[in-house]
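S.K.: This is the structure I want to talk about, given as C-alpha coordinates.
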Amino acid sequence: MTYTALKMRGIENTSIVVILLGGLKVTDYIQYGPSLVKCWLYRRHTNICNTCSRLGHRFDVCPSPEDDICPGCGESNPDNKHDWPTKCTLSGGPHINADKIFKRRYQISCVVR
51 MTYTALKMRG
61 IENTSIVVIL
71 LGGLKVTDYI
81 QYGPSLVKCW
91 LYRRHTNICN
101 TCSRLGHRFD
111 VCPSPEDDIC
121 PGCGESNPDN
131 KHDWPTKCTL
141 SGGPHINADK
151 IFKRRYQISC
161 VVR
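Numbering of the sequence shown is given in our numbering, commencing with residue 51 and proceeding in unit increments.
What follows is the structure in C-alpha coordinates.
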(Lines of atoms letter the chains of each structure in order from A and count residues from 1; the text may use other names and numbers.)
(Lines give C-alpha, C1' and ligand atoms only; values in the text may rest on other atoms or scores of the structure.)
Protein backbone atom coordinates (compact mmCIF):
# COMPACT_ATOMS: atom_id res chain seq x y z
CA MET A 1 0.00 0.00 0.00
CA THR A 2 1.28 3.48 -0.85
CA TYR A 3 0.99 6.30 1.70
CA THR A 4 1.16 9.99 0.80
CA ALA A 5 3.15 12.32 3.07
CA LEU A 6 0.98 15.41 3.59
CA LYS A 7 3.27 17.35 5.92
CA MET A 8 6.68 16.87 7.56
CA ARG A 9 8.50 18.74 10.33
CA GLY A 10 11.45 18.10 12.61
CA ILE A 11 11.35 18.20 16.40
CA GLU A 12 13.75 20.97 17.52
CA ASN A 13 17.36 19.74 17.89
CA THR A 14 16.70 16.02 17.46
CA SER A 15 16.90 13.63 14.55
CA ILE A 16 13.17 12.86 14.86
CA VAL A 17 10.83 13.89 12.05
CA VAL A 18 7.04 13.96 12.36
CA ILE A 19 5.34 12.91 9.12
CA LEU A 20 1.61 13.41 8.62
CA LEU A 21 0.41 10.58 6.40
CA GLY A 22 -2.78 10.50 4.36
CA GLY A 23 -4.94 7.67 5.67
CA LEU A 24 -6.06 6.18 8.96
CA LYS A 25 -3.24 3.67 9.59
CA VAL A 26 0.43 4.11 10.44
CA THR A 27 2.77 2.07 8.29
CA ASP A 28 5.53 0.06 9.99
CA TYR A 29 8.34 1.25 7.69
CA ILE A 30 8.92 4.12 5.24
CA GLN A 31 11.41 3.96 2.40
CA TYR A 32 13.77 6.94 2.69
CA GLY A 33 16.26 6.82 -0.14
CA PRO A 34 17.78 3.33 -0.29
CA SER A 35 16.88 2.37 3.30
CA LEU A 36 13.77 1.44 5.28
CA VAL A 37 13.07 3.54 8.38
CA LYS A 38 10.92 2.25 11.30
CA CYS A 39 7.81 4.32 12.03
CA TRP A 40 5.60 4.62 15.09
CA LEU A 41 2.67 6.74 16.20
CA TYR A 42 3.80 10.09 17.62
CA ARG A 43 2.08 11.25 20.79
CA ARG A 44 3.01 14.57 22.31
CA HIS A 45 2.88 14.81 26.10
CA THR A 46 1.45 17.82 27.89
CA ASN A 47 3.96 19.16 30.43
CA ILE A 48 2.48 20.13 33.80
CA CYS A 49 4.64 21.68 36.51
CA ASN A 50 4.48 19.93 39.91
CA THR A 51 5.40 23.18 41.68
CA CYS A 52 3.04 25.81 40.26
CA SER A 53 0.54 23.44 38.52
CA ARG A 54 0.72 25.41 35.26
CA LEU A 55 0.86 23.95 31.77
CA GLY A 56 3.79 24.15 29.37
CA HIS A 57 6.84 23.42 31.54
CA ARG A 58 8.27 20.99 34.10
CA PHE A 59 9.16 21.62 37.75
CA ASP A 60 12.92 21.72 37.08
CA VAL A 61 12.54 24.72 34.72
CA CYS A 62 9.68 26.47 36.55
CA PRO A 63 9.78 30.27 36.02
CA SER A 64 8.09 30.87 39.40
CA PRO A 65 9.26 28.20 41.88
CA GLU A 66 8.19 30.37 44.83
CA ASP A 67 4.51 29.95 43.85
CA ASP A 68 3.60 26.74 45.67
CA ILE A 69 0.17 25.69 44.42
CA CYS A 70 -1.72 22.60 45.56
CA PRO A 71 -1.83 20.10 42.66
CA GLY A 72 -5.25 18.87 43.76
CA CYS A 73 -7.41 21.92 44.37
CA GLY A 74 -5.27 24.83 43.09
CA GLU A 75 -5.01 26.67 46.44
CA SER A 76 -1.96 28.95 46.74
CA ASN A 77 0.65 28.17 49.42
CA PRO A 78 -1.25 25.40 51.27
CA ASP A 79 -0.14 24.33 54.75
CA ASN A 80 1.20 20.85 55.56
CA LYS A 81 -2.16 19.59 56.89
CA HIS A 82 -4.02 20.69 53.76
CA ASP A 83 -6.69 18.13 52.78
CA TRP A 84 -7.56 18.29 49.10
CA PRO A 85 -9.70 16.28 46.72
CA THR A 86 -7.95 14.77 43.70
CA LYS A 87 -8.80 16.90 40.66
CA CYS A 88 -7.11 17.20 37.26
CA THR A 89 -6.31 20.77 36.16
CA LEU A 90 -6.63 19.78 32.48
CA SER A 91 -10.04 18.14 32.51
CA GLY A 92 -11.44 18.72 35.99
CA GLY A 93 -11.88 14.96 36.37
CA PRO A 94 -11.42 12.95 39.59
CA HIS A 95 -7.80 11.91 38.88
CA ILE A 96 -4.33 13.44 39.23
CA ASN A 97 -2.94 15.73 36.52
CA ALA A 98 -2.34 13.93 33.19
CA ASP A 99 -3.01 10.50 34.69
CA LYS A 100 -2.97 7.46 32.40
CA ILE A 101 -6.76 7.17 32.67
CA PHE A 102 -7.11 10.69 31.17
CA LYS A 103 -7.98 10.08 27.51
CA ARG A 104 -6.85 13.51 26.21
CA ARG A 105 -3.41 13.24 27.84
CA TYR A 106 -1.89 13.12 24.37
CA GLN A 107 -2.64 15.83 21.86
CA ILE A 108 -2.54 15.85 18.08
CA SER A 109 0.88 17.07 16.90
CA CYS A 110 -0.30 19.11 13.91
CA VAL A 111 -3.42 19.66 11.84
CA VAL A 112 -3.42 20.16 8.07
CA ARG A 113 -6.25 22.32 6.75
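C-beta: ideal position from N, C-alpha, C; glycine also.
Going straight from the alpha carbon of P144 to that of T96, what length do you get?
M.R.: C-alpha separation (whole angstroms): 18 Å.
S.K.: How far does the beta strand (DSSP E) with I80 in it extend, from its first residue to its last?
M.R.: From DSSP, the beta strand (DSSP E) with I80 extends over Y79 to Y82.
S.K.: Among the residues of its own chain, which have a CB less than 7 Å from the CB of V87, if the five just before and after it don't count?
M.R.: Y79 and I80
S.K.: So, at 6 Å on beta carbons, what are the nonlocal neighbours of P128 in its own chain, with the 5 sequence-adjacent residues on each side left out?
M.R.: C120
S.K.: Determine, for C120, whether the minimum Cβ-Cβ distance to residues of chain D falls below 8 Å.
M.R.: Note that chain D does not occur in the displayed structure, where there is just one protein chain.
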